[in-house]
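Asks:
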Amino acid sequence: MKLNKNDLFYFICEKSKDIINIIIKQKLKEIQQFTEYQNHNQNQNKPYNSILNQPFGQVFKLIPRIISFENKKQFFHQEISQIRQSTSNLQIRLKIRRKEVLLDSFQSIKPLTPEELKGRLKIEFQDEEGIDAGGLIREWFIILSKEIFNPNYCLFLPSQSGNTFQPNPNSHINNQDKDYFKFVGRIVGKALFDGYMLDAYFTRSFYKHILQQEITYHDIQDQDYEFYKNMNWIVENDISALDLTFVYETNEFGKHQELELKSGGKNIAVTEENKLEYIHLICHHRMTMRIQEQIKWFLAGFHDIIPSKVASVFDSHELELMISGLPEIDCKQQIIQFICFLFFYFFQVADLKENTEYHNYKPSDQLIVWFWEILNTYDSTQKAAFIQFVTGTSKVPLDGFGYLKGISGFQKFQIHKAYNINKLPTAHTCFNQLDLPEYQTKEALAQKLTYAILECKEGFGFG
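Taking the UniProt record's numbering, the leading residue of the sequence shown gets 1, the next gets one more, and so forth.
#1: Cβ atoms of SER145 and ASP199: under 9 Å apart, would you say?
#2: Per the contact definition of three or more C-beta pairs closer than 8 Å, is the segment 186 to 199 in contact with the segment 268 to 280?
#3: Can you tell me the Cα-Cα spacing of ALA191 and TYR361, whole angstroms?
#4: Using a Cβ-Cβ cut-off of 8 Å (strictly less than) and excluding sequence neighbours within five positions of LEU102, which residues of its own chain qualify?
#5: Do CYS283 and TYR217 have their C-beta atoms closer together than 9 Å?
#6: Could you check where the beta strand (DSSP E) with VAL247 kicks off and where it finishes?
#7: Am I right that PHE56 and LYS25 are in contact with their C-beta atoms under 8 Å? What's the rounded C-beta distance?
#8: For GLU214, name the three-state secondary structure that DSSP assigns.
#9: Are the Cβ atoms of residue 469 and GLN212 separated by less than 9 Å?
#10: So, helix, strand or coil for GLN411, using DSSP?
#11: Between PHE193 and ILE306, is the Cβ-Cβ spacing less than 9 Å?
#12: Just checking, does the segment 91 to 102 make contact with the segment 117 to 131 on the three C-beta pairs under 8 Å criterion?
#13: What does the alpha-carbon distance come out to for the pair LYS383 and ASP219?
#14: Can you tell me where the alpha helix (DSSP H) holding TYR180 begins and where it ends?
#15: For residue 464, count neighbouring Cβ atoms within 10 angstroms of its own Cβ and tell me buried if that reaches 16, exposed if not.
#16: Using CA coordinates, which residue listed in TYR403, THR391 and ASN422 is at the minimum distance from ILE415?
#17: Going by DSSP, name the residue or residues bridged to PHE165.
#18: Give the single residue among ASN232, GLY402 and ARG120 whose Cα lies nearest to the Cα of LEU90.
#19: When DSSP builds the beta bridges, which residues end up paired with THR426?
#20: Pull up the CB-CB distance for residue 464 and THR381, whole angstroms please, since I reckon it's below 8 Å.
#21: Can you tell which of ASN71, ILE66, LYS5 and GLN221 has its C-alpha closest to the C-alpha of PHE389?
#22: Assess, as a yes-or-no matter, whether the segment 105 to 116 is touched by the segment 176 to 191 under the definition of 3 or more beta carbon pairs within less than 8 Å.
#23: May I ask you to report which of helix, strand or coil DSSP gives THR356?
#24: Smallest Cα separation from ASN21: which of LYS72, LEU321, GLN58 and GLN33?
#25: To the nearest angstrom, how far is it from the Cα of GLN160 to the Cα of PHE141?
#26: I think ALA418 touches ASP435, with their Cβ atoms under 8 Å apart; what is that distance to the nearest whole Å?
#27: Per the DSSP calculation, ARG120 is bridged to which residue(s)?
#28: With burial defined as no fewer than 16 other Cβ atoms inside 10 Å of the residue's Cβ, what is the status of ARG65: buried or exposed?
#29: Within 10 angstroms of its Cβ, does SER240 collect 16 or more other Cβ (buried), or is it exposed?
#30: List, from N- to C-terminal side, the beta strand (DSSP E) runs of 3 residues or more that fit wholly inside the segment 246 to 322.
#31: Would TRP297 be called buried (16 or more neighbouring beta carbons within 10 Å of its own) or exposed?
#32: For GLY400, which option in PHE302, ASP351, ASP379 and GLU249 has the closest C-alpha, if you only look at C-alpha atoms?
#33: Using the three-state DSSP reduction, which class does ILE239 fall into: helix, strand or coil?
#34: Following the continuous alpha helix (DSSP H) through GLN107, name the residue where it begins and the one where it ends.
#35: How about PRO158 and GLN294: do their beta carbons lie closer than 9 Å?
#36: Using DSSP bridges, identify the partner residues of ALA444.
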């Protein structure tokens, strides 16, 4: 098969990605050393000059898929360091009441300019003594990120699984919802800017909206798995007898409404020929159109701090890790928590294996043996990507994989046999389920599994 120039270029890059990443790592190191030298020999703040404006920076625009997560993180930190250098004399001091953490933070952050928001943050909790050496800031971010999802504020709704959140299409109940979404965008951006993690997990489609990346109908599965199953059924079956039209029915505040998905939609039948357009439109409405104002204001706040071109080097899974992170050791934690951390990190594959259910496979089957051997070879980034792929989030129970939650409560990790060896492994995140074809060689399994979890190839997208 003859490849066109673009396909040939990406094929060569894919085959050479290890050496490409070595070169990128070295080049980033050289840029960092040069920037540090400049900063050391200049007494005044210098303007921000993005790596992306340099010839080398084009690699992050052209082949972000090929670049390792570690190199992307290094690029991001160097960009933020340059931005911070241009605003190094600014400082933000917030005095917050614990019981009013959202209101006080909102009122303090709202009047600040984008430049002021990039200043050094100092937190003081009212009527509490304490020197903020970073611990109070970390605590403030965690408390605030939890409060943002408080249903009393009507800003976000939990997905069907309850593990992730999506903007509430009816957030207008809160008459300041636009300002609050801009505030939330600023908080997420500020946490990224300052290197703090949030206790905040969004739906896959919302991460893609933050990155302004393409959405597919598969992204709706962690938001509403039953709806996703219905859409998949439509894709795979003849729907001639269903009598569907291009209409989306809603029931909000007890009021039934019908929304036409296209002009004259109530008079247009869904057929075998146009059913993919129907799925495209109905999922686009649910994941994008009904929350487009909330997305707009969130991005306005986020981009006050994080330039869109800098964030865009990540994919949605990488952005989740940047915002919510992997568990880290806090030197102030108790010894027992430290032991739990070590157990999670060094024995998580064994723990996952002990808490796995098999469907049409047995633990002794050759493919399953290969599967666990391959998983054991993964580094921490690949393991995190795998967990995201099969559960929809990097958030793993502190008590181990035996306490994974599914759509109906506790649900262990499941491996189901799939019967098309020409397809990639697929996942159903609401059930912590991996559909794994019975590949003939360990090499084929390793290649297809790794490609699936890192590239997340999906169906048609939304333009």
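Where a beta carbon is used, it is the ideal one built from N, C-alpha and C, also for glycine.
Replies: This is what the structure holds:
#1: Position 199 of the sequence shown, counted from the first residue, corresponds to residue 199. Position 145 of the sequence shown, counted from the first residue, corresponds to residue 145. Yes, they are a contact pair.
#2: In short, these stretches do not touch, since the Cβ pair count stays below three.
#3: On the sequence shown, position 191 is the one that residue 191 refers to. On the sequence shown, position 361 is the one that residue 361 refers to. Using only the alpha carbons, I get a separation of about 44 Å.
#4: As a position in the sequence shown, residue 102 is number 102, starting the count at 1. Taken in chain order, the residues that qualify are LEU144, GLU147, ILE148, ASN150 and TYR153.
#5: Position 283 of the sequence shown, counted from the first residue, corresponds to residue 283. Position 217 of the sequence shown, counted from the first residue, corresponds to residue 217. Pairing CYS283 with TYR217 gives a Cβ-Cβ distance under 9 Å.
#6: Position 247 of the sequence shown, counted from the start, is the residue given in the question as residue 247. Unbroken beta strand (DSSP E) run through VAL247: 247 to 252.
#7: Along the sequence shown, one-based indexing puts residue 56 at 56. Along the sequence shown, one-based indexing puts residue 25 at 25. Between LYS25 and PHE56 the Cβ distance is about 12 Å, and since that is not below 8 Å, they are no contact.
#8: Along the sequence shown, one-based indexing puts residue 214 at 214. The DSSP-derived three-state label of GLU214 is coil.
#9: Outside the modelled stretch of the chain, which goes from 1 to 463, sits residue 469, for which no answer is possible.
#10: Counting from 1 along the sequence shown, the entry for residue 411 is found at position 411. In the three-state reduction of the DSSP assignment, GLN411 falls in the coil class, being assigned neither a helical nor a strand state.
#11: One-based indexing of the sequence shown puts residue 193 at position 193. One-based indexing of the sequence shown puts residue 306 at position 306. Cβ atoms of PHE193 and ILE306: closer than 9 Å.
#12: Segments in contact, yes.
#13: For the purposes of this step, residue 383 is taken as residue 383 along the sequence shown, with counting starting at 1. For the purposes of this step, residue 219 is taken as residue 219 along the sequence shown, with counting starting at 1. Going by the C-alpha atoms only, they are around 21 Å apart.
#14: Locating residue 180 in the sequence shown gives position 180, where the first residue counts as 1. DSSP places TYR180 inside the alpha helix (DSSP H), whose first and last residues are 177 to 194.
#15: With the chain covering only 1 through 463, there is no way to say anything about residue 464.
#16: Here residue 415 is taken as the residue at index 415 of the sequence shown, counted from 1. Selected option, being the one with the closest Cα: THR391.
#17: Your numbering for residue 165 matches position 165 in the sequence shown. The bridge partners DSSP lists for PHE165 are PRO158 and PHE202.
#18: Looking up residue 90 in the sequence shown gives position 90. For LEU90, the nearest C-alpha among the options comes from ARG120.
#19: By 1-based counting over the sequence shown, the position of residue 426 is 426. Per DSSP, ASP435.
#20: Past the boundaries of the shown model lies residue 464; the chain is included only from 1 to 463, so the question cannot be answered.
#21: For the purposes of this step, residue 389 is taken as the residue at position 389 of the sequence shown. If we check each option's Cα against that of PHE389, GLN221 comes out closest.
#22: Result yes; three or more Cβ-Cβ pairs closer than 8 Å.
#23: The count along the sequence shown starts at 1 and reaches residue 356 at position 356. In this structure, THR356 counts as strand in the three-state DSSP scheme.
#24: If you number the sequence shown from 1, residue 21 lands on position 21. Ranking the options by Cα distance to ASN21, first place goes to LYS72.
#25: One-based indexing of the sequence shown puts residue 160 at position 160. One-based indexing of the sequence shown puts residue 141 at position 141. Each residue's Cα considered, the two are about 25 Å apart.
#26: Walking along the sequence shown from the start, residue 418 turns up at place 418. Walking along the sequence shown from the start, residue 435 turns up at place 435. Right, their Cβ atoms sit about 4 Å apart.
#27: Stepping through the sequence shown from its first residue, residue 120 is reached at position 120. In the DSSP assignment, ARG120 is bridged to GLN91.
#28: Your numbering for residue 65 matches position 65 in the sequence shown. Flag for ARG65 reads exposed.
#29: Position 240 of the sequence shown, counted from the start, is the residue given in the question as residue 240. So SER240 counts as exposed.
#30: The beta strand (DSSP E) runs lying completely inside the segment 246 to 322 and spanning 3 residues or more are 247 to 252 and 255 to 260, given in chain order.
#31: Against the sequence shown, residue 297 aligns to sequence position 297. The residue in question, TRP297, is buried, as its Cβ has 16 or more Cβ neighbours within 10 Å.
#32: As a first step, residue 400 is located in the sequence shown; it is residue number 400 there, counting from the start. Across the set PHE302, ASP351, ASP379 and GLU249, the C-alpha of ASP351 shows the shortest separation from the C-alpha of GLY400.
#33: Translated into positions along the sequence shown, residue 239 becomes position 239. Coil at ILE239, not helix or strand.
#34: Position 107 of the sequence shown holds residue 107. Counting along the chain, the alpha helix (DSSP H) containing GLN107 begins and ends at 101 to 109.
#35: In the sequence shown, counting from the first residue as 1, residue 158 sits at position 158. In the sequence shown, counting from the first residue as 1, residue 294 sits at position 294. In this structure, PRO158 keeps its C-beta atom at 9 Å or more from the C-beta atom of GLN294.
#36: Here residue 444 refers to the residue found at position 444 of the sequence shown. Partner(s): none; ALA444 has no beta bridge.
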